[in-house]
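J.: Following this message is one structure expressed as C-alpha cells.
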Amino acid sequence: AQSVTQLDSHVSVSEGTPVLLRCNYSSSYSPSLFWYVQHPNKGLQLLLKYTSAATLVKGINGFEAEFKKSETSFHLTKPSAHMSDAAEYFCVVTLYSSASKIIFGSGTRLSIRP
Amino acid sequence: KAGVTQTPRYLIKTRGQQVTLSCSPISGHRSVSWYQQTPGQGLQFLFEYFSETQRNKGNFPGRFSGRQFSNSRSEMNVSTLELGDSALYLCASRNGQGGDYGYTFGSGTRLTVV
C-alpha cells in the first residue's frame with residue numbers, strides 16, 4: 180500500500196527566509212512523487228516531479244525537492260520566500276507502474292510574514 | 095495552449111437533485127481524472143478515464159458516475175445529491191497513463207448543496 184504524510188499542516192515564515200515543507204511517503208513500488216500548489220479558489224499547479232531520474236529536482240518559482248529513499252522523504256524547499264508563495268501545498272504519490280492511483284497528502288498551508 | 099477548462103465554476107443545488115459537471119482537457123491529452131476536495135477529507139480521487147474507458151475508480155458510492163467522449167471531454171454526474179456532496183470538484187488531464195505523467199488541473203467547480 181502507498182501513503183503520503185505531510186508533517187506540518189501550517190508553516191509560517193518571514194519573507195526572504197528559507198521555506199521547508201516536509202513530506203514522507205510509503206510505497207511498495209518505485210514511486211513517482213509530485214508537489215502541487217493551490218492558491219485560493221484555484222486548481223492545483225504542478226511545481227515539480229520526481230520520476231526516478233535525478234534525486235534533486237528543480238521546479239518552478241525557485242522551488243526544489245530532494246528524493247531521499249533511505250528516509251522515504253521528498254521535502255520541498257525554497258531559499259527565499261516571497262509573499263506570492265502563500266498558498267496550500269500538496270505532496271502527491273502515484274504508482275510508477277500502474278495507470279494512476281494517485282494519493283494526495285493532507286496539504287500544508289504556507290503563510291508568509293512581511 | 096489552453097488549460098483544463100471546467101464548467102460551471104459555481105453551482106448551487108438542492109438535496110435530492112442531480113448535477114452534471116463538465117471538463118475539457120488540454121488539447122491532445124487523452125486521460126481525464128476527477129477529484130473531490132473538502133475541508134474534512136482533503137483531496138480524494140473519484141475516477142479516471144482514458145480513451146472513453148474508465149480505468150480506475152475511487153471509493154465513492156454509485157451516485158457518482160462519469161463518462162468520457164471521443165474528443166476526450168469528460169462529464170461527471172452526481173445523482174440524489176446530499177449535503178455532504180458540497181465540495182470543490184477538480185478535473186485534471188495528462189498526456190499518458192503511466193505514474194510519471196504529471197497532471198494539469200482545472201480551476202474546479204464549487205458545488206454547494208442546500
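From first to last, the protein sequence lines stand for chains A and B. The working numbering numbers the first residue of the first sequence as 180 and each following residue consecutively. The working numbering numbers the first residue of the second sequence as 95 and each following residue consecutively. Glycine included, every Cβ here is placed at the ideal spot set by N, Cα and C. Remember, it's a predicted structure, so these values are computed and weren't measured experimentally.
1) List, from N- to C-terminal side, the beta strand (DSSP E) runs of 3 residues or more that fit wholly inside the segment 116-171 of chain B.
2) Is there a Cβ of chain A sitting closer than 8 Å to that of leucine 137(B), yes or no?
3) Out of curiosity, what's the CA-to-CA distance linking asparagine 220(A) and glycine 202(B)?
4) Quick one: is serine 45(B) near chain A, going by C-beta distance under 8 Å?
5) Straight-line CA distance for serine 191(A) to alanine 186(B)?
6) Between the segment 202-236 of chain A and chain B, which residues of the former have a C-beta closer than 8 Å to a C-beta of the latter?
7) Are the segment 254-265 of chain A and the segment 196-209 of chain A in contact at 8 Å, needing three or more beta carbon pairs?
8) Give every residue of the same chain whose Cβ lies closer than 6 Å to the Cβ of isoleucine 106(B), excluding the five residues on either side of it in the sequence, and list them in chain order.
9) Is there at least one Cβ from chain B nearer than 8 Å to phenylalanine 242(A)'s Cβ?
10) Taking its Cβ as the centre, do 16 or more other Cβ atoms sit within 10 Å of alanine 96(B), making it buried, or is it exposed?
11) Where proline 119(B) and threonine 99(B) are concerned, what is the direct C-alpha to C-alpha distance, given to the nearest angstrom?
12) Report back the beta-carbon spacing between leucine 226(A) and glutamine 217(A) to the nearest angstrom; my notes put them in contact at under 8 Å.
13) Below 8 Å on the Cβ atoms is my contact criterion, and I expect serine 182(A) with tyrosine 204(A) to pass it. Report the Cβ-Cβ distance as a whole number of Å.
14) Grab me the residues of glutamine 138(B)'s own chain with a C-beta within less than 7 Å of its C-beta, minus the 5 sequence neighbours each way, in chain order.
15) What does isoleucine 281(A) reach in chain D if we use C-beta pairs closer than 7 Å?
16) Look at the alpha carbon of glutamate 245(A) and the alpha carbon of leucine 235(A), and state the distance between them as a whole number of angstroms.
T.: On the basis of the data shown:
1) 125-132, 136-144, 147-151, 158-162
2) yes
3) 8 Å
4) Residue 45(B) lies beyond the range of chain B shown here (95 to 208); nothing can be said about it.
5) 29 Å
6) Pro210, Ser211, Phe213, Tyr215, Asn220, Lys221, Gly222, Leu223, Gln224, Leu225, Lys228, Thr230, Ser231
7) yes
8) Thr206
9) no
10) exposed
11) 7 Å
12) With 8 Å as the limit, leucine 226(A) and glutamine 217(A) do not qualify as a contact, their Cβ atoms being about 10 Å apart.
13) 7 Å
14) Tyr129, Gln130, Gly152
15) Although the question refers to chain D, the structure presented lacks it and instead comprises the protein chains A and B.
16) 4 Å
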